[in-house]
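Chains A and B are the protein sequences, given in the same order. 55 is the number of the first residue of the first sequence in the numbering used here; add one for each residue after it. 55 is the number of the first residue of the second sequence in the numbering used here; add one for each residue after it. Where a beta carbon is used, it is the ideal one built from N, C-alpha and C, also for glycine. Quick notes on the structure that follows.
Protein chains: 2
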Amino acid sequence: MPKDTEKRSRYANSLWEITVIDDRATLMIAASESDSNLYYATRFVAPDPFILLEVKGERIMVMSDLELDRARSQATVDRVLPYSEIERRVRAQGVPEPGMADIVHAVLQEQAVKRILVPGNFPFAFAQRFQQLGYQLETKKEPFYERRAVKTDQEVGFIEATQRSTEAAVAAAHAALRQASMREGLLWLEGEPLTSERIKKLINVKLMEWDCVGQHTIVAGGEQACDPHHEGSGPLPADHSIIFDVFPRSAYTRYYADMARTVVRGQASPELRRLYQIVKDVQEEAISKIRDGADGAKIHQEICDRFESAGYRTGLVNGRMQGFFHGTGHGVGLDIHEHPRISRNGTYLQEGEVVTVEPGLYYPGLGAVRIEDMVLVTRDGCRNLTNFPKVLELG
Amino acid sequence: MPKDTEKRSRYANSLWEITVIDDRATLMIAASESDSNLYYATRFVAPDPFILLEVKGERIMVMSDLELDRARSQATVDRVLPYSEIERRVRAQGVPEPGMADIVHAVLQEQAVKRILVPGNFPFAFAQRFQQLGYQLETKKEPFYERRAVKTDQEVGFIEATQRSTEAAVAAAHAALRQASMREGLLWLEGEPLTSERIKKLINVKLMEWDCVGQHTIVAGGEQACDPHHEGSGPLPADHSIIFDVFPRSAYTRYYADMARTVVRGQASPELRRLYQIVKDVQEEAISKIRDGADGAKIHQEICDRFESAGYRTGLVNGRMQGFFHGTGHGVGLDIHEHPRISRNGTYLQEGEVVTVEPGLYYPGLGAVRIEDMVLVTRDGCRNLTNFPKVLELG
């Protein structure tokens with residue numbers, strides 16, 4: 055799915071070198087179910103917030119009684135401490151209602167550490183408490199873990215496996231579209247208008263059969279497709295573009311994949327065919343520029359220029375955005391949108407990153423086209439992890 | 055699913071009255087896909103962070119070009135401002151790389167507001183920037199929106215609809231267990247040992263057929279069930295307890311449901327039957343105490359006492375927790391674990407809250423039992439939203 059154009063500063067190259075810091079602790083307090091940095095650091099999924107400390111080279115988790123055993127057997131850390139035991143000690147020292155910050159404080163006191171590095175999304179309420187306790191807090195922008203952007207062979211394998219399920223699910227959906235008949239400008243199947251909801255369900259059920267969780271799957275036709283994040287609803291049109299954007303997460307590996315295709319069931323207008331052709335050409339040209347060291351901002355700008363010079367303008371028309379108004383691509387891994395970006399504030403690409411390349415054009419009245427592949431950045435170019443045809447007319 | 059015992063302070067009753075504050079703005083910057091307060095306030099789902107401001111009685115969203123149209127047609131706010139337009143203005147005023155905090159600052163300057171109320175999980179990096187810009191930030195603990203805990207009739211209907219799908223999926227799973235044969239202490243189906251993975255997939259696929267997303271579904275047998283958050287893996291045992299804990303979210307309404315049942319395929323030992331009976335008795339007694347004004351901490355303590363006095367001790371044995379070591383219940387709504395709590399640090403219950411009641415006992419060697427219903431708190435008692443039998447032996 056397309057990522058919003060970035061609002062953040064570009065990272066200096068120097069930030070990519072990992073700095074060894076001995077006199078400060080790294081701290082996260084979050085639920086790893088929703089915080090991918092914490093999951094990356096611990097490989098432990100929990101629905102409620104827990105504590106991870108990295109101090110003097112040691113990685114320490116503090117866990118509730120409920121999660122203690124599971125954390126000790128699953129988490130990739132050095133030590134798992136019982137929250138309730140530390141809490142009892144802190145109470146005995148005279149803190150009547152210790153919170154999570156007080157528990158962290160108790161652990162850090164033993165280590166004589168007064169400086170803490172936290173992610174940018176660290177909860178402000180906890181930060182205030184640490185400041186009261188005399189700590190100096192520093193934040194680090196994303197990527198909090200630089201290595202998370204650079205995928206290992208195993209991680210690439212996980213992403214590819216999720217992608218294979220994505221492709222199979224979209225193939226099944228396209229087969230259903232091919233079976234549909236066309237009448238009164240709509241697609242019909244088994245005596246009923248074929249709806250976005252039905253096709254989305256078909257995709258999501260297929261994905262679940264392969265243990266992949268599809269959420270916010272996009273099957274948007276006609277005018278709806280002109281809004282890039284419209285998920286689609288109601289009867290699907292014949293002879294107009296339908297955007298499929300499918301980005302499930304594996305329930306087991308937790309790695310995402312992401313693919314978009316645009317199809318027409320029936321006959322596309324000559325204008326829509328031209329629209330499809332330029333998006334496809336521009337997408338493939340952009341993919342050919344992906345390599346270690348390539349500038350994501352430059353790749354994005356070149357796409358914008360290509361569209362403009364071909365006469366496809368971007369901007370507000372009658373109060374509505376049209377043209378190309380989202381980022382070109384984003385990293386994919388434990389989050390669907392993660393570092394790096396290929397966008398207005400894009401970063402330099404690195405070998406081992408997995409990124410999408412997904413230009414699109416959206417013109418109410420004419421139609422919308424988005425084509426998205428997911429590629430692995432290599433030293434000299436990239437390897438396309440997507441294996442799915444790019445064909446406009448399903449016939 | 056069971057909630058970790060709470061670490062937070064109990065809320066004073068007075069906090070439940072909504073205070074009208076005129077001289078400070080309320081601010082959230084988050085992705086409503088993962089932040090339920092923001093979704094509650096806007097009814098708009100977006101995968102990337104956006105800005106919501108409540109200032110002088112007006113609710114203002116600031117949205118990227120990508121989300122602008124969708125936000126204007128879907129979000130329940132007073133005004134949707136285009137991020138890119140404000141960004142251009144701020145750049146023109148000499149800020150070279152404005153971030154989201156600078157955009158908020160531009161909006162607030164027009165309103166002459168210098169105090170901001172944010173949720174406890176507000177990102178620290180943004181908070182620092184606002185402090186630099188001269189704002190005074192205050193946090194508010196959960197529940198950030200008190201009304202979110204008290205469900206409307208429509209919200210109760212959404213939760214019940216998700217619960218009906220949950221029950222149908224668990225019924226299908228139990229039917230598969232009944233079909234299984236028993237050999238060598240295991241369950242077999244179609245010539246293979248019947249695994250947790252297969253039953254979880256059966257449940258999750260069924261749920262998806264009803265547009266509900268099941269994640270981390272628990273089907274844990276024997277010793278695995280003694281760890282309350284173990285999701286279960288490998289062959290399921292005959293004659294031992296199997297815990298089902300299923301808590302999907304509707305893809306359309308976004309409301310969760312939550313139910314747990316414990317069953318045995320085959321014959322339970324007399325000790326396991328006694329374990330089941332006490333958990334069931336205690337659970338039903340706790341449900342009978344739920345009403346407007348009831349004290350969640352007291353209900354929880356009484357369950358702990360009942361178990362202890364019946365000889366079911368809680369504590370560490372050989373370094374592993376056993377007995378009853380999680381909360382009794384939690385609110386259910388747009389989050390699976392939300393305010394209020396029925397736990398050690400539980401709160402007073404209010405009419406209209408939807409809470410789980412889910413005591414459990416876990417004894418390695420003997421087995422584990424957890425029984426969970428979801429109830430609506432009423433003035434004089436509660437209405438059980440769960441409609442599923444409590445039977446230990448499936449036969």
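Where residue i sits in the DSSP three-state scheme
i: Pro282(A); result: coil
i: Ala351(B); result: helix
i: Thr194(B); result: Looking at the sequence shown, residue 194(B) is not Thr but Lys. Looking at Lys194(B) - three-state DSSP - the assignment turns out to be strand.
i: Tyr416(A); result: strand
i: Thr130(A); result: coil
i: Lys61(A); result: Bear in mind that the predicted position of Lys61(A) carries a pLDDT of just 43, short of 50, making it unreliable; the figure below should be weighed with that in mind. In this structure, Lys61(A) counts as coil in the three-state DSSP scheme.
i: Glu407(B); result: strand
i: Thr73(A); result: Below a pLDDT of 50, predicted positions are generally treated as unreliable, and Thr73(A), at 44, falls in that range; no measurement from the model is reported.
i: Ser235(B); result: strand
i: Asp346(A); result: coil
i: Arg319(B); result: coil
Residue-level contact to chain A via CB, residue i, 8 Å cutoff
i: Gly111(B); result: no
i: Ser250(B); result: no
i: Val259(B); result: yes
i: Ile390(B); result: yes
i: Thr206(B); result: no
i: Thr118(B); result: Here residue 118(B) is Ser; the residue named in the question, Thr, does not match the sequence. Yes, Ser118(B) lies at the interface with chain A (some Cβ there is under 8 Å from its Cβ).
i: Met82(B); result: no
i: Met262(B); result: yes
i: Asn175(B); result: yes
Chain-order list of residues whose beta-carbon lies under 6 Å from that of residue i (same chain, five-residue window excluded)
i: Ser118(B); result: Tyr137
i: Asp281(B); result: none
Closer than 8 Å to chain B by CB, residue i
i: Asp281(A); result: yes
i: Ser63(A); result: For Ser63(A), the pLDDT reaches just 36, beneath the cut-off of 50, and the residue's location in the model is therefore unreliable, leaving the point undetermined.
i: Lys255(A); result: yes
i: Gln212(A); result: Checking the sequence shown, residue 212(A) turns out to be Phe, not Gln. No, because no Cβ of chain B sits closer than 8 Å to the Cβ of Phe212(A).
i: Ser323(A); result: no
i: Ser90(A); result: no
i: Gly419(A); result: no
i: Lys57(A); result: yes
i: Leu69(A); result: Because the pLDDT at Leu69(A) is just 34, under 50, the model does not fix this residue reliably, and the value given afterwards should be weighed accordingly. Leu69(A) does not count as touching chain B.
i: Gln186(A); result: no
Residue i, buried or exposed, once every other Cβ within 10 Å from all chains shown has been counted against 16
i: Lys254(B); result: buried
i: Gly369(B); result: exposed
i: Glu238(B); result: exposed
i: Tyr330(A); result: buried
i: Leu446(A); result: buried
i: Ala146(B); result: exposed
i: Ser304(B); result: buried
i: Ala225(A); result: exposed
i: Ser363(A); result: exposed
i: Val74(B); result: Since pLDDT at Val74(B) reaches only 45, below the 50 mark, its modelled position is unreliable, and no value is offered.
i: Gly245(B); result: exposed
Chain-order list of residues whose beta-carbon lies under 8 Å from that of residue i (same chain, five-residue window excluded)
i: Val158(B); result: Leu81, Ile83, Ile105, Leu107, Val116, Phe184
i: Leu248(A); result: Ala230, Leu231, Ala234, Leu240, Leu241, Trp242, Pro289, Leu290
i: Arg395(B); result: Lys57, Glu60, Gly350, Gly381, Gly383, His384, Gly385, Thr401
i: Asp346(A); result: Leu403, Gln404, Glu405, Val431, Thr432, Arg433, Asp434
i: Val273(B); result: Ala227, Ser250, Ile253, Lys254, Ile257, Glu285, Gly286, Leu290, Ile296, Ile297, Phe298
i: Thr193(A); result: Leu171, Val172, Pro173, Gly174, Phe176
i: Tyr199(B); result: Asn91, Tyr94, Ala95
Span separating the alpha-carbon of residue i from that of residue j
i: Gly365(B); j: Met262(B); result: 42 Å
i: Asp156(A); j: Ala166(A); result: 15 Å
i: Ala340(A); j: Asp58(A); result: 18 Å
i: Lys343(A); j: Gly174(A); result: 31 Å
i: Lys61(B); j: Asp102(A); result: Below a pLDDT of 50, predicted positions are generally treated as unreliable, and Lys61(B), at 44, falls in that range; no measurement from the model is reported.
i: Asp293(B); j: Asn399(B); result: 37 Å
i: Thr271(B); j: Gly276(A); result: 37 Å
i: Arg328(A); j: Gln269(A); result: 31 Å
i: His393(B); j: Ile114(B); result: 26 Å
i: Asn441(A); j: Val371(A); result: 36 Å
i: Arg202(A); j: Arg360(B); result: 48 Å
i: Arg78(B); j: Val204(A); result: 43 Å
Close Cβ partners of residue i (< 7 Å) along its chain, the five nearest in sequence each way excluded
i: Ala85(B); result: Ala100, Pro101, Asp102, Pro103
i: Lys352(B); result: none
i: Cys436(B); result: Ile341, Ile344, Arg345, Val429, Leu430
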